[in-house]
């Protein structure tokens, strides 16, 4: 077994024995862990950390794992999910898979399968965070442009030449030896 990457693992399962076992095992392996006995407790008490992954039981009272998955998406929280289940109907599995979890593991599962899924989930979350940061930086820079600069930039992105942009916007083209920086 390879040592884990740094990251946070949320465990949400209504079975206290499974919660205790997974929390203890994953903590010994070096992961930062939080466990919750219900989907409601997770929603009320968890913080959105990066990178993180959610190990989530499918069937729980009051709010199922699938309902939690849908609620998190609605809240704009995209923590990768690993579903674990001892019993699920095909409709539940299809509904869960539509939310694109990292993995769906049947209890009892091999711990290495869980670790592999956790590592994939943490890698996905780290990448998603990087993309989020880059998009925000682009958005921030875009907002600093004047409306004319935005018009020019939009036409550049459409593939127009300097001459085409100048004709379209009725402005003088930038000389070839001058650099336009955005």
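Numbering (my numbering), first residue to last: 1 to 182.
All residues carry an ideal CB built from backbone N, CA and C; glycine is no exception.
If you draw a straight line from the alpha carbon of residue 116 to that of residue 63, how long is it in whole angstroms?
-> In the chain shown, the residue the question calls residue 116 occupies position 116. In the chain shown, the residue the question calls residue 63 occupies position 63. Approximately 27 angstroms, taken between the alpha carbons.
How should residue 51 be labelled, buried or exposed, when 16 other C-beta atoms within 10 angstroms of its C-beta is the threshold for buried?
-> Counted from its first residue, the chain shown places residue 51 at position 51. With 16 or more Cβ atoms within 10 Å of its Cβ, residue 51 is classed as buried.
Is residue 102 helix, strand or coil by DSSP?
-> In the chain shown, residue 102 corresponds to position 102, counting from 1. Three-state result, residue 102: coil.
Determine the extent of the beta strand (DSSP E) in which residue 20 is found, giving its start and end residues.
-> As a working mapping, residue 20 is identified with position 20 in the chain shown. Not the beta strand (DSSP E): residue 20 falls in the alpha helix (DSSP H), residues 16 to 28.
For residue 54, three-class secondary structure by DSSP | Taking the chain shown and counting its residues from 1, the one referred to as residue 54 is at position 54. Residue 54: strand per DSSP, three-state reduction.
Can the beta-carbon of residue 22 be found closer than 8 angstroms to that of residue 55?
-> Translated into positions along the chain shown, residue 22 becomes position 22. Translated into positions along the chain shown, residue 55 becomes position 55. Yes, these two residues count as a Cβ contact at 8 angstroms.
For residue 35, write down the residues that DSSP places opposite it in a beta bridge.
-> Locating residue 35 in the chain shown gives position 35, counting from the first residue. DSSP, once it has assigned bridges, lists 11 as partnering residue 35.
Is residue 8 near the ligand FAD, in the sense that its beta carbon is under 7 angstroms from a heavy atom of that ligand?
-> Inclusion of the ligand FAD in the displayed structure is not the case, the ligand content being empty and no account of it being possible.
For the alpha helix (DSSP H) that contains residue 111, what are its first and last residues?
-> Within the chain shown, residue 111 is the residue found at index 111, counting from 1. Element bounds for residue 111: 111 to 144.
Confirm, please, whether the CB-CB distance from residue 84 to residue 68 is below 8 angstroms.
-> Taking the chain shown and counting its residues from 1, the one referred to as residue 68 is at position 68. Taking the chain shown and counting its residues from 1, the one referred to as residue 84 is at position 84. Going by C-beta atoms, residue 68 is not nearer than 8 angstroms to residue 84.
With C-beta atoms as the reference, is residue 94 less than 8 angstroms away from residue 80?
-> Position 94 of the chain shown holds residue 94. Position 80 of the chain shown holds residue 80. Not closer than 8 angstroms, so no.
When you compare each of 40, 171, 44, 78 to residue 60 by their alpha carbons, which one comes out closest?
-> As a working note, residue 60 is residue 60 in the chain shown. When each option's Cα is compared against that of residue 60, the closest is 40.
To the nearest angstrom, how far is it from the Cα of residue 189 to the Cα of residue 169?
-> In the structure as shown, the chain starts at 1 and stops at 182, and residue 189 therefore has no counterpart that could be examined.
CB residue 53 to CB residue 99, shorter than 8 angstroms?
-> On the chain shown, position 53 is the one that residue 53 refers to. On the chain shown, position 99 is the one that residue 99 refers to. Contact flag unset, no.
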